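Visitor:
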Amino acid sequence: MRTQAAIIGAGPAGLLLSHLLHLQGIESVVLETRSRADIESTIRAGVLEQGTMDILTNAGVGERMRAQGALHHGIELAFGCRRHRIDLTELTGKAITVYPQHEVIRDLVAARLAAQGQILFEVADVAIGGIDTDAPTVTFTYRGEHERLEADFVIGCDGFHGVARNAIPASARQEFQRTYPFGWFGILVESAPSSQELIYAQHERGFALISTRTPTVQRLYFQCDPHDSVEHWPDDRIWAELHARVETSDGWRINEGRIFQKNIIGMRSFVCTTMRHGRLFLAGDAAHIVPPTGAKGMNLAVSDVRFLAEALDSHYRGGGTALLDGYPARALQRIWRAEYFSWWMTRMLHTFADATPFERAMQRAELENVVGSRALAQALAENYVGAF
Ligand code: FAD
Ligand code: DHB
Numbered sequence: 086m087r088t089q090a091a092i093i094g095a096g097p098a099g100l101l102l103s104h105l106l107h108l109q110g111i112e113s114v115v116l117e118t119r120s121r122a123d124i125e126s127t128i129r130a131g132v133l134e135q136g137t138m139d140i141l142t143n144a145g146v147g148e149r150m151r152a153q154g155a156l157h158h159g160i161e162l163a164f165g166c167r168r169h170r171i172d173l174t175e176l177t178g179k180a181i182t183v184y185p186q187h188e189v190i191r192d193l194v195a196a197r198l199a200a201q202g203q204i205l206f207e208v209a210d211v212a213i214g215g216i217d218t219d220a221p222t223v224t225f226t227y228r229g230e231h232e233r234l235e236a237d238f239v240i241g242c243d244g245f246h247g248v249a250r251n252a253i254p255a256s257a258r259q260e261f262q263r264t265y266p267f268g269w270f271g272i273l274v275e276s277a278p279s280s281q282e283l284i285y286a287q288h289e290r291g292f293a294l295i296s297t298r299t300p301t302v303q304r305l306y307f308q309c310d311p312h313d314s315v316e317h318w319p320d321d322r323i324w325a326e327l328h329a330r331v332e333t334s335d336g337w338r339i340n341e342g343r344i345f346q347k348n349i350i351g352m353r354s355f356v357c358t359t360m361r362h363g364r365l366f367l368a369g370d371a372a373h374i375v376p377p378t379g380a381k382g383m384n385l386a387v388s389d390v391r392f393l394a395e396a397l398d399s400h401y402r403g404g405g406t407a408l409l410d411g412y413p414a415r416a417l418q419r420i421w422r423a424e425y426f427s428w429w430m431t432r433m434l435h436t437f438a439d440a441t442p443f444e445r446a447m448q449r450a451e452l453e454n455v456v457g458s459r460a461l462a463q464a465l466a467e468n469y470v471g472a473f
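Read in order, the letters of the sequence shown correspond to residues 86 to 473 in the numbering used here.
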């Protein structure tokens with residue numbers, strides 16, 4: 086088998102890259118270890134920045150997102166029994182859309198398959214070779230057969246636990262990392278939305294986030310021990326904890342409902358600045374992870390592949406390697422700002438068990454500053470909508 090771009094991973098990064106390359110007349114093959122049903126149903130992100138919405142719309146895959154996604158013009162920060170609105174649109178002229186990641190995946194898979202694009206699901210034993218040469222290869226098992234894909238370029242879009250990053254020799258790879266001493270407990274609930282807008286709540290018992298999916302399904306998260314287990318959390322305990330953390334003095338309460346999914350995710354900040362090695366490029370979570378507090382992960386994956394698609398287009402149109410060579414620096418400029426914002430939101434909103442009373446007072450003062458100062462609220466809003 087031969088193609089121009091061998092793309093490893095059918096997450097938002099890999100699928101969108103394949104679609105953008107197709108629009109530019111560049112062939113690709115996408116290799117994915119999981120099944121189509123699995124990738125189209127895994128619950129993950131929910132918030133799309135305006136720039137992400139624009140890229141999906143311009144690429145012709147934004148129709149369902151515009152019809153079914155919910156446009157949000159603000160978010161709320163809750164602390165000290167009060168809620169404070171950050172008016173994203175008034176502060177930045179932009180908005181966000183709440184539209185689940187697995188729906189973006191469904192839209193992209195449908196677009197690729199409608200254009201006879203090649204996505205090979207349920208591959209195994211993926212191995213990358215020859216990235217220091219002009220003829221890199223990817224070998225894998227597909228439907229019981231050992232296969233070999235030859236390509237001009239290999240693009241690692243295989244997430245944090247994929248194989249692509251580790252195909253770069255450790256001696257040539259530079260990585261930065263921080264893990265956090267807490268995780269998020271996420272639930273999906275059958276109920277009407279509790280709030281028109283997302284609520285990020287800081288409380289001494291720990292952070293909580295009220296998000297939404299559809300008019301009848303809600304997404305809620307609360308800070309937990311990353312090593313805890315969902316079995317320790319019967320529904321009554323979850324509701325008691327959420328009510329305690331998002332209590333407000335105006336009598337507003339979270340709507341309860343049937344909880345039909347529970348999961349725990351760990352939190353880390355991670356950047357592999359070596360986003361290119363020879364003919365291998367990394368994009369999305371394969372190269373960087375943010376804690377979810379800033380809602381940046383999927384948006385960064387989208388902006389990486391937009392830069393990469395432009396660079397490959399320029400290369401194939403005879404524009405040389407300048408944009409390909411410049412890809413890591415261009416992508417990293419945005420990545421580091423999103424890393425900073427996600428770290429800052431995480432630090433401001435979560436409870437750190439080892440924080441001193443002074444540090445806790447500083448955390449509260451920072452929140453008061455953000456909601457009390459237009460300049461600080463605007464900085465938060467600009468970062469949240471991705472207005473740079
Ligand atoms: P992934 O989505 O991880 O896709 C990688 C794909 O590669 C997977 O399908 C995987 O099966 C496949 N793969 C792995 N190994 C191999 C292999 N060896 N060979 C072939 N295929 C392989 N981001 C936001 O922007 N907004 C949010 O609101 C938000 N909320 C989040 C909430 C939660 C609870 C979580 C967990 C994440 C959230 N994120 C959010 C982050 C976002 O989900 C990720 O950043 C995003 O999925 C990254 O996309 P990706 O394509 O780079 O990687
Ligand atoms: C969601 C996830 C996030 O990480 C976030 O900051 C906001 C919303 C969500 O899944 O809806």
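Don't be surprised by glycine CBs; every beta carbon is placed ideally from N, CA and C. Keep in mind it's a predicted model, so treat the numbers as computed, not measured.
Under a Cβ-count criterion, where at least 16 other Cβ atoms within 10 Å of its own Cβ denotes burial, should N454 be classed as buried or exposed?
Guide: By the neighbour-count rule (16 or more Cβ atoms within 10 Å), N454 is not buried but exposed.
Visitor: At what residues does the beta strand (DSSP E) containing Q135 begin and finish?
Guide: Unbroken run through Q135 is the alpha helix (DSSP H), 135 to 143; no beta strand (DSSP E).
Visitor: Can you tell me which of the three DSSP states T177 falls into?
Guide: Helix at T177.
Visitor: Shortest alpha-carbon distance to A449 belongs to which of R87, S103, G165?
Guide: The sequence given here places Arg at residue 449; Ala does not occur at that position. Measuring from the Cα of R449, the nearest candidate turns out to be G165.
Visitor: Is G131 a contact residue of the ligand DHB, with contact defined as CB to any heavy atom under 6 Å?
Guide: Yes, since a heavy atom of the ligand DHB falls inside the 6 Å radius drawn around the Cβ of G131.
Visitor: What are the uninterrupted segments assigned as alpha helix (DSSP H) that are 4 or more residues long and contained completely in the segment 285 to 331, given in chain order?
Guide: Counting only runs of 4 or more, we get 320 to 330.
Visitor: Can at least three beta-carbon pairs, one atom from the segment 248 to 260 and one from the segment 279 to 296, be found at a separation below 8 Å?
Guide: With the cut-off at 8 Å, the segment 248 to 260 and the segment 279 to 296 do not touch.
Visitor: If you follow the beta strand (DSSP E) that Y412 is in, where does it begin and where does it stop?
Guide: No beta strand (DSSP E) holds Y412; the alpha helix (DSSP H) holding it covers 407 to 434.
Visitor: Here's a check: name, in chain order, each residue in its chain whose Cβ is nearer than 7 Å to the Cβ of M430, leaving out the five neighbours to either side.
Guide: Excluding residues within five positions, the ones whose Cβ falls inside 7 Å are T378, G379.
Visitor: For H157, count the other beta carbons within 10 Å of its own beta carbon; 16 or more makes it buried, fewer makes it exposed. Which is it?
Guide: Looking at its Cβ environment, which holds 16 or more other Cβ atoms inside 10 Å, H157 is buried.
Visitor: Tell me where the beta strand (DSSP E) around V239 begins and ends.
Guide: From DSSP, the beta strand (DSSP E) with V239 extends over 230 to 241.
Visitor: Verify whether the separation of the beta carbon atoms of M383 and P185 is less than 7 Å.
Guide: No, the pair does not count as a contact, with Cβ atoms beyond the cut-off.
Visitor: Would you check if the distance between the CB atom of L434 and the CB atom of Q287 is smaller than 7 Å?
Guide: Contact: yes.
Visitor: Tell me the rounded alpha-carbon separation between V274 and I339.
Guide: Their backbone Cα atoms lie some 11 Å apart in a straight line.
Visitor: Return the bridge partner residues of Q346 from the DSSP annotation.
Guide: Answer is L273.
Visitor: Could you tell me which uninterrupted alpha helix (DSSP H) segments, each at least 4 residues in length, are contained entirely in the segment 357 to 390, listed from first to last along the chain?
Guide: None, since the segment 357 to 390 contains no complete alpha helix (DSSP H) of that length.
Visitor: For S103, does the count of other Cβ atoms within 10 angstroms reach 16, so buried, or fall short, so exposed?
Guide: S103 comes out buried.
Visitor: What is the DSSP secondary structure of Q201, counted as helix, strand or coil?
Guide: In this structure, Q201 counts as coil in the three-state DSSP scheme.
Visitor: Which stretch, first to last residue, makes up the alpha helix (DSSP H) that contains S458?
Guide: No alpha helix (DSSP H) contains S458, which DSSP labels as neither H nor E.
Visitor: May I ask whether a heavy atom of the ligand FAD can be found less than 6 Å away from the beta carbon of N143?
Guide: No - the ligand FAD has no heavy atom lying nearer than 6 Å to the Cβ of N143.
Visitor: What residues are listed by DSSP as bridge partners for R338?
Guide: Per DSSP, none; premise fails for R338.
Visitor: Could you give the DSSP three-state label for F437: helix, strand or coil?
Guide: Note: F437 maps to coil in three-state DSSP.
Visitor: Rounded to whole angstroms, what is the Cα-Cα separation between M447 and R149?
Guide: For M447 and R149, the distance between alpha carbons rounds to 43 Å.
Visitor: For the ligand DHB, I want to know if S296 counts as a neighbour, meaning its beta carbon is within less than 6 Å of at least one of the ligand's heavy atoms.
Guide: It does: the Cβ of S296 is within 6 Å (strictly closer) of some heavy atom of the ligand DHB.
Visitor: Using a threshold of 7 Å, state whether the C-beta atoms of P311 and G268 are closer than that.
Guide: Cβ distance < 7 Å, so P311 and G268 count as in contact.
Visitor: Please classify R353: does DSSP put it in a helix, a strand, or coil?
Guide: Correct three-state label for R353: strand.
Visitor: Could you pull out every residue in the same chain whose Cβ sits closer than 6 Å to the Cβ of N468, ignoring the five residues on either side in sequence?
Guide: Hits under 6 Å: F426.
Visitor: Identify the continuous beta strand (DSSP E) that holds I475 and give its terminal residues.
Guide: With the chain covering only 86 through 473, there is no way to say anything about residue 475.
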